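Student: Below you'll find the structure I mean.
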Amino acid sequence: MKGKKGLAAAMAATMVVCGMSWGLPSFAQESTAAPQATPGAAPNGQSQSKLDLAAAKAERKALIGENMDLTPAEGKKFWPLYDRYEAAMDQVDKRHAAEIRAYAKAYQNMTGADAKAKLDEVIAVQQARLNVQKQYIPKFRAAISEIKTTRFFQIDNKLHALIQCQIAQLVPLIGSAQPTAGATSGQ
Numbered sequence: 006m007k008g009k010k011g012l013a014a015a016m017a018a019t020m021v022v023c024g025m026s027w028g029l030p031s032f033a034q035e036s037t038a039a040p041q042a043t044p045g046a047a048p049n050g051q052s053q054s055k056l057d058l059a060a061a062k063a064e065r066k067a068l069i070g071e072n073m074d075l076t077p078a079e080g081k082k083f084w085p086l087y088d089r090y091e092a093a094m095d096q097v098d099k100r101h102a103a104e105i106r107a108y109a110k111a112y113q114n115m116t117g118a119d120a121k122a123k124l125d126e127v128i129a130v131q132q133a134r135l136n137v138q139k140q141y142i143p144k145f146r147a148a149i150s151e152i153k154t155t156r157f158f159q160i161d162n163k164l165h166a167l168i169q170c171q172i173a174q175l176v177p178l179i180g181s182a183q184p185t186a187g188a189t190s191g192q
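Numbering (the numbering used here), first residue to last: 6 to 192.
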């Protein structure tokens, strides 16, 4: 099994690639220089993102495999289930990325109604992730031991937390709060 430092480094690398591959906005100033063609590079950004995402998924799967200590018999049950779980989580991740892209376009000029809708969608995405986990926990328990099921969800949650931390660092706070009707300013 990988040591804590190896696991953290691998998770961090996966996190960065996943965040970039989801097509999340950078919120940073774009360079005005023309992009340089790289020999052997994918023909466009979308193709490169797909390649990056495939590489991140393969790295994530390898990382999980290295830390699960599965027997060959357990692996035969675990990996097909893992693939279905990841496919379900991909749908949640796509929804999350869409929510962030929409926020990126409007975060500086949101109305109170926009802010409410944004927060409601963030909570709905979090709930969707929990719903997928609740759906799959009994399936993993039927396929592998309780300890290994818990271990898998610990690894999955750690990876998710690292990705969320990276996203949180990229996403700016919503624009200045507007006073509500009846509120007075302190100055």
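Where a beta carbon is used, it is the ideal one built from N, C-alpha and C, also for glycine. It should be emphasised that the depicted structure is a prediction, and the values quoted were computed from it without experimental measurement.
Output the distance between the C-alpha atoms of residue 180 and residue 173, rounded to the nearest integer angstrom.
Tutor: Annotation: residue 180 to residue 173 spans about 16 Å, alpha carbon to alpha carbon.
Student: Tell me which same chain residues have a C-beta within less than 7 Å of the C-beta of residue 120, skipping the five on either side of it?
Tutor: Excluding residues within five positions, the ones whose Cβ falls inside 7 Å are 179.
Student: Spatial neighbours of residue 134 within its chain, please: C-beta separation below 6 Å, excluding the five flanking residues on both sides.
Tutor: Within the same chain, residue 134 has close Cβ partners 97.
Student: Locate the alpha helix (DSSP H) running through residue 136, then write down its first and last residues.
Tutor: Its alpha helix (DSSP H) spans residues 117-148.
Student: Could you check how far apart the C-beta atoms of residue 79 and residue 163 are, in whole angstroms? I think they sit under 8 Å.
Tutor: 21 Å between Cβ atoms; not a contact.
Student: Which of the three DSSP states, helix, strand or coil, is assigned to residue 183?
Tutor: Below a pLDDT of 50, predicted positions are generally treated as unreliable, and residue 183, at 48, falls in that range; no measurement from the model is reported.
Student: Count the C-beta pairs between the segment 104-114 and the segment 141-159 that are closer than 8 Å, then say yes if the count reaches three, no if not.
Tutor: no
Student: Report, in whole angstroms, the separation of the C-beta atoms of residue 137 and residue 104, which I expect to be a contact under 8 Å.
Tutor: At roughly 16 Å, the Cβ-Cβ gap does not stay under 8 Å, so residue 137 and residue 104 are not in contact.
Student: Does residue 166 pass the burial test, meaning 16 or more other C-beta atoms within 10 Å, or should it be called exposed?
Tutor: exposed
Student: What does the Cβ neighbour count give for residue 124, buried or exposed, with the cut at 16 atoms within 10 Å?
Tutor: exposed
Student: Alpha carbon to alpha carbon, what distance is there between residue 117 and residue 91?
Tutor: If I take the Cα positions, the gap works out to 35 Å.
Student: Buried or exposed: residue 65, going by 16 or more other Cβ atoms within 10 Å of its Cβ?
Tutor: buried
Student: Decide if residue 177 is buried, meaning its Cβ has at least 16 other Cβ atoms within 10 Å, or exposed.
Tutor: exposed
Student: Report all residues from its chain with a CB closer than 7 Å to the CB of residue 100; omit the five preceding and five following residues, and keep chain order.
Tutor: 130 and 133
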